[in-house]
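Novice: Numbering (my numbering), first residue to last: 481 to 589. Ideal Cβ placement from N, Cα and C applies to all residues, glycine included. In this text, all values refer to a predicted model and were calculated from it rather than measured experimentally. Please find one structure pasted underneath; my questions will follow.
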Amino acid sequence: MTAAITVSERAARRIGQILSKEGDGAKLRISVEGGGCSGFQYKFDVEHTQADDDLVIERDSAVVLVDPASVPFLAGSEVDFVDDLIGASFRVVNPNATASCGCGTSFSI
481 MTAAITVSER AARRIGQILS KEGDGAKLRI SVEGGGCSGF QYKFDVEHTQ
531 ADDDLVIERD SAVVLVDPAS VPFLAGSEVD FVDDLIGASF RVVNPNATAS
581 CGCGTSFSI
């Protein structure tokens, strides 16, 4: 059984704001790709289509999609939104990552 991927209240609020400007049916897709300075990187895209095998996470007005290939890399993770001196961004708190880069968008397992 795969550990759940969760969305924090702050992230849900920000995702909802973004999706409300993208039209009906907009969803945020989070995926993991090879690359970045630590081996893997998170990718965030707004989409209007959903695949049958996507994991769908809903919280308040936020709808997040994760493709099946990315789910094992994100198992147990929390998607958060931070607004600090470096800037505002989504941050994935991933218990599977053994190392990450300073910006938080790249990681290794």
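1. For aspartate 533, which residues of its own chain have a beta-carbon under 7 Å away from its beta-carbon, when the five flanking residues on both sides are left out?
2. Keeping to the same chain, check which residues put their C-beta closer than 6 Å to that of arginine 509; ignore five residues upstream and five downstream.
3. In terms of alpha-carbon separation, which member of Gln521, Val543, Gly567 lies closest to valine 573?
4. What residues in its chain sit with their C-beta under 6 Å from that of aspartate 575, if we drop five residues either side in the sequence?
5. If we cut at 8 Å on Cβ distances, does glutamate 513 have a partner in chain C?
Specialist: To lay it out plainly:
1. Pro548
2. Asp525, Glu527, Leu545
3. When only C-alpha atoms are compared, the closest one is Gln521.
4. Before going on, a small fix: residue 575 reads as proline here, not aspartate. Answer for proline 575: Gly556, listed in chain order.
5. No chain C appears in the structure shown, which is made up of a single protein chain.
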